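Sequential numbering of the sequence shown, starting at 159, is according to our numbering.
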Amino acid sequence: MFEFQFLKNGLKKGEQCVYATDDDPFFIVSKMSHYGINVETYLTNGLLRVYQVPDPTKDHEGIATSCKKTVTKILSELKSPFRIVGRIVPDVSMIEGITAQLELEQITHKNFDSIGGMIMCRYDLSKMEPVRRIEWMKNLMKIIIL
């Protein structure tokens, strides 16, 4: 799994690492452990954190605002250099979710030089609405080419 290797490399270098998920954190910890990451040691010494992303659909301010608050909280607890893996917008199959995801990506890319760490996002493209999937991929290609 690419995301676990990404985190494992950072942990070996002494970097703080966060796995943000809407899944059960125990499930992620178990998968990390099976991958060969000494999860208990890294959780204890504070280098590793598995963050349960709150359900943004339950925030009365909307999905985009909820996700921005989650990102702010995660980043506020990290020191450079760091690595983050995960999904902040758990459901990108609906228009509101993919719109929030695109907005977060644009903000991230605009401020990338000042973030102070590396971020790996996980996507299940099969769950995206086809029209938005194409829009997202075009946006991503523009960023990669720049």
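No residue lacks a Cβ here, since even glycine has one placed at the ideal position from N, Cα and C. As the structure is a prediction and not an experimental result, all values here were calculated from the model.
Taking only three categories from DSSP, how would you classify G244?
For the purposes of this step, residue 244 is taken as residue 86 along the sequence shown, with counting starting at 1. In this structure, G244 counts as strand in the three-state DSSP scheme.
Just mark K231 as buried or exposed, buried being the case when its beta carbon has 16 or more other beta carbons within 10 Å.
Position 73 of the sequence shown, counted from the start, is the residue given in the question as residue 231. With fewer than 16 Cβ atoms within 10 Å of its Cβ, K231 is classed as exposed.
Rounded to a whole number of angstroms, what is the C-alpha to C-alpha distance between S224 and Q210?
What you label residue 224 is simply residue 66 of the sequence shown in a count that begins at 1. What you label residue 210 is simply residue 52 of the sequence shown in a count that begins at 1. Going by the C-alpha atoms only, they are around 13 Å apart.
Please report the residue range of the alpha helix (DSSP H) in which G255 lies.
Translated into positions along the sequence shown, residue 255 becomes position 97. G255 -> alpha helix (DSSP H) spans 253 to 268.
Buried/exposed call for G172, threshold 16 Cβ in 10 Å:
In the sequence shown, the residue the question calls residue 172 occupies position 14. It is exposed - the Cβ of G172 has fewer than 16 other Cβ atoms within 10 Å.
Where does R280 sit, in a helix, a strand or coil, going by DSSP?
The count along the sequence shown starts at 1 and reaches residue 280 at position 122. If DSSP states are grouped into helix, strand and coil, R280 belongs with coil.
Could you say which of H267, D271, I277, S188 lies nearest to K300 if we only look at CA atoms?
For the purposes of this step, residue 300 is taken as the residue at position 142 of the sequence shown. Of all alpha-carbon atoms in H267, D271, I277, S188, the one lying nearest the alpha-carbon of K300 is that of H267.
Helix, strand or coil for G168, going by three-state DSSP, please let me know.
As a first step, residue 168 is located in the sequence shown; it is residue number 10 there, counting from the start. Three-state result, G168: helix.
Where E198 and F240 are concerned, what is the direct C-alpha to C-alpha distance, given to the nearest angstrom?
If you number the sequence shown from 1, residue 198 lands on position 40. If you number the sequence shown from 1, residue 240 lands on position 82. One C-alpha to the other measures close to 19 Å.
Just mark V289 as buried or exposed, buried being the case when its beta carbon has 16 or more other beta carbons within 10 Å.
What you label residue 289 is simply residue 131 of the sequence shown in a count that begins at 1. Result: exposed.
If M252 and E287 are in contact, beta carbons under 8 Å, what's the gap, nearest whole angstrom?
On the sequence shown, residue 252 is found 94 positions in, with the first residue counted as 1. On the sequence shown, residue 287 is found 129 positions in, with the first residue counted as 1. Yes, they are in contact, since the Cβ atoms of M252 and E287 sit about 7 Å apart, within 8 Å.
Please report how far the alpha carbon of I273 lies from the alpha carbon of I221, in whole angstroms.
If you number the sequence shown from 1, residue 273 lands on position 115. If you number the sequence shown from 1, residue 221 lands on position 63. Their backbone Cα atoms lie some 22 Å apart in a straight line.
Looking only at its chain, what residues have a beta carbon closer than 7 Å to the beta carbon of T228, apart from the 5 residues adjacent to it on each side?
Translated into positions along the sequence shown, residue 228 becomes position 70. For T228, where only same-chain residues beyond five positions count, the Cβ hits under 7 Å are V211, P212, I246.
Looking at the unbroken alpha helix (DSSP H) that takes in V250, where does it start and where does it end?
Against the sequence shown, residue 250 aligns to sequence position 92. Run containing V250: none; DSSP gives neither H nor E here.
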